[in-house]
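Participant: Line by line, the protein sequences are chains A and B.
Sequential numbering of the first sequence, starting at 1, is according to our numbering.
Sequential numbering of the second sequence, starting at 1001, is according to our numbering.
The C-beta atom is built at its ideal place from N, Cα and C for all residues, glycine as well.
A quick note: this is a predicted structure, and the numbers were derived from the prediction, not measured.
Number of protein chains: 2
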Amino acid sequence: MTKKRIAIDMDDVMAATGRKILKTYNHINSTAFTEQHFENKSYFEIFDEKNYHKIREEVFKPGFFRDVEVMADAIEVVKKLHEIYEVFIVSAATEFPNSLKDKMDWLEEHFPFISWRNVVLCGDKSIVAADYMIDDHEKNLKTFKGKTLMFSAIHNQMVNGYQRFKSWKEIEVFFDNE
Amino acid sequence: MTKKRIAIDMDDVMAATGRKILKTYNHINSTAFTEQHFENKSYFEIFDEKNYHKIREEVFKPGFFRDVEVMADAIEVVKKLHEIYEVFIVSAATEFPNSLKDKMDWLEEHFPFISWRNVVLCGDKSIVAADYMIDDHEKNLKTFKGKTLMFSAIHNQMVNGYQRFKSWKEIEVFFDNE
């Protein structure tokens, strides 16, 4: 029997990228924003225009995505899923050309069991076909034809209509019951 | 009406990558191989083992994919298709992490009308869903659910069962009749 495929997002699903953006922003601007300031907003909505450009520049630099922390329990659960499903890592990354190699190196470091064959770095995820998609962005989930799992994030709290998962432990339970 | 999607391969379809590999091989080894030595073979089949490793190393280096020549008529025909279809560039590139930014920069230079949104850098292309796929590798075409167009290459001359196109001009004619 063919294994079913799961497409898993990187930023704010496997990798705590939002946390790194916030930390970098606070460092550059000597501010002390916390995640609570950003409820239901993207980071770029709350930063003022001048500082928005500064943080955009940082995100475009080589290395920005290389040392992002791994989300809690992501390694254990993705490894378990990888044994039963065909796991593909699908990251909307082509907007940031310098992130591409960083993302491959990051995966190689933290998820060495994922082959380069199973990595997709793209822009518009509507070209990806799989059975399940785990993502924090509605724009990625809404065009997907398989089952959608919304990974809860500060910026998607107001979005309805998707099964929501607050942690990798909750995702593990979902697949245990599939 | 939704535009139909075309997934277009880069190496040996948009970009004359085989030609660069051959040139690099000859340069390193002081040989004078021509394309005719490689009929129905991949480049890696004919190179001897020691030299195979040398050329593999070259392909992994930053910059290798950056200055590859554009295939004849590719720019004009892809531009014309882009006006009628949703064109996605789909390259099996994640095996070569240093190629990823080079490929984005190459596209930006030669195909600036293609947005980063429409670029997919992946390993296994069976995850890509579109209406048409233009590719030189059977492994990519055989799992594709839409219409397949095989771009003729030295290494695929023995492959049957696909509509074969020897040039971008022939691809233009195909789409003129769709």
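#1: Could you list which residues in chain B have their beta carbon closer than 9 angstroms to that of Asp-104 (chain A), in chain order?
#2: Is there a Cβ of chain A sitting closer than 8 angstroms to that of Ala-1130 (chain B), yes or no?
#3: Under 9 angstroms Cβ-Cβ, which residues of chain A neighbour Leu-1081 (chain B)?
#4: Under a three-way DSSP split, which group does Ala-153 (chain A) fall into?
#5: According to DSSP, is Tyr-85 (chain A) part of a helix, a strand, or is it coil?
#6: Using CA coordinates, which residue listed in B:Lys-1103, B:Phe-1064, B:Val-1120 and B:Phe-1060 is at the minimum distance from Ile-1089 (chain B)?
#7: My parser needs the alpha helix (DSSP H) runs of 4 or more residues fully inside the region 1042-1108 of chain B; what are they?
#8: Cutting at 6 angstroms between CB atoms, please list the residues of its own chain near Glu-35 (chain A), excluding the five before and the five after it.
#9: Could you compute how far the alpha carbon of Gly-63 (chain A) sits from the alpha carbon of Pro-1062 (chain B)?
#10: Going by DSSP, name the residue or residues bridged to Leu-1121 (chain B).
#11: Helix, strand or coil, according to DSSP, for Gly-38 (chain A) in the structure here?
#12: Would Phe-165 (chain A) and Phe-144 (chain A) qualify as a contact pair, given that the criterion is a beta-carbon distance under 8 angstroms?
#13: Within the same chain, show all residues whose beta-carbon is closer than 8 angstroms to that of Glu-1039 (chain B), passing over the 5 residues directly before and after it, in chain order.
#14: Pairs of beta-carbons, one from the region 117-135 of chain A and one from the region 1113-1128 of chain B, closer than 8 angstroms: are there three or more?
#15: Between Asp-105 (chain A) and Arg-66 (chain A), which are expected to be in contact by the criterion C-beta below 8 angstroms, what is the C-beta distance as a whole number of angstroms?
#16: How about Ile-1046 (chain B) and His-1037 (chain B): are their beta carbons less than 8 angstroms apart?
#17: When DSSP labels each residue in this structure, what does Ile-1114 (chain B) get in the three-state scheme?
#18: Hey, is Phe-88 (chain A)'s beta-carbon within less than 8 angstroms of any beta-carbon in chain B?
#19: Sort B:Ile-1134, B:Ile-1075 and B:Asn-1026 by Cα distance to Tyr-1052 (chain B) and report the nearest one.
#20: Within this structure, are the beta carbons of Asp-73 (chain A) and Trp-168 (chain A) separated by less than 8 angstroms?
#21: Compare the Cα-Cα distances from Asp-135 (chain A) to each of A:Lys-101, A:His-110, A:His-82 and A:Ile-171 and report the closest residue.
#22: For Tyr-162 (chain A), report the span of its alpha helix (DSSP H) as first-last.
#23: For Ile-1127 (chain B), report the span of its alpha helix (DSSP H) as first-last.
#24: Along chain A, which residues have their Cβ under 7 angstroms away from the Cβ of Trp-1116 (chain B)?
#25: Run through the DSSP bridge pairs and tell me what Arg-1005 (chain B) is partnered with.
#26: On a Cα-Cα basis, can you pick out the residue from A:Lys-23, A:Lys-103 and A:Pro-112 that is closest to Ala-93 (chain A)?
#27: Using a cut-off of 9 angstroms between C-beta atoms, extract the partners of Ile-1084 (chain B) located in chain A.
Facilitator: Here's the rundown:
#1: Per the sequence shown, residue 104 (chain A) should be read as Met rather than Asp. Those are Thr-1094, Pro-1097 and Leu-1100, listed as they occur along chain B.
#2: Yes, Ala-1130 (chain B) lies at the interface with chain A (some Cβ there is under 8 angstroms from its Cβ).
#3: Residues of chain A passing the Cβ test: none, with the nearest at roughly 16 angstroms.
#4: In this structure, Ala-153 (chain A) counts as coil in the three-state DSSP scheme.
#5: Coil, per DSSP.
#6: Of the candidates B:Lys-1103, B:Phe-1064, B:Val-1120 and B:Phe-1060, B:Val-1120 places its Cα closest to the Cα of Ile-1089 (chain B).
#7: Fully enclosed alpha helix (DSSP H) runs of 4 or longer: 1043-1046, 1049-1060 and 1074-1084.
#8: Excluding five sequence positions before and after Glu-35 (chain A), the CB atoms of its chain that fall closer than 6 angstroms to its own CB belong to Ile-154, given in chain order.
#9: Here the alpha carbon of Gly-63 (chain A) sits roughly 16 angstroms from the alpha carbon of Pro-1062 (chain B).
#10: Partner residues in the beta bridge of Leu-1121 (chain B), as assigned by DSSP, are A:Leu-121 and B:Ser-1091.
#11: One point to set straight first is that residue 38 (chain A) is Phe, not Gly, in the sequence displayed. Helix at Phe-38 (chain A).
#12: Cβ atoms of Phe-165 (chain A) and Phe-144 (chain A): not closer than 8 angstroms.
#13: Ile-1154 and Gln-1157, listed in sequence order.
#14: Cβ pair count under 8 angstroms is three or more, so yes.
#15: The Cβ separation is near 6 angstroms, so the contact holds.
#16: The Cβ atoms of Ile-1046 (chain B) and His-1037 (chain B) lie closer than 8 angstroms to each other.
#17: Ile-1114 (chain B) falls in the coil class under three-state DSSP.
#18: Put simply, the CB of Phe-88 (chain A) is near chain B, with a gap under 8 angstroms to one of its CB atoms.
#19: Closest option to Tyr-1052 (chain B), Cα to Cα, is B:Asn-1026.
#20: In this structure, the beta-carbon distance from Asp-73 (chain A) to Trp-168 (chain A) falls below 8 angstroms.
#21: It is A:Ile-171 whose Cα lies nearest to the Cα of Asp-135 (chain A).
#22: Careful: Tyr-162 (chain A) lies outside any alpha helix (DSSP H) and carries neither H nor E.
#23: It is not in any alpha helix (DSSP H) - Ile-1127 (chain B) carries neither H nor E in the DSSP assignment.
#24: Near Trp-1116 (chain B) (Cβ distances below 7 angstroms), the residues of chain A are Thr-94, Glu-95 and Gly-123.
#25: Per DSSP, B:Glu-1086.
#26: Selection A:Lys-23, A:Lys-103 and A:Pro-112 evaluated against Ala-93 (chain A) yields A:Lys-103 as nearest (Cα-Cα).
#27: Close to Ile-1084 (chain B), with beta-carbon spacing below 9 angstroms, lies no residue of chain A; the smallest spacing is near 18 angstroms.
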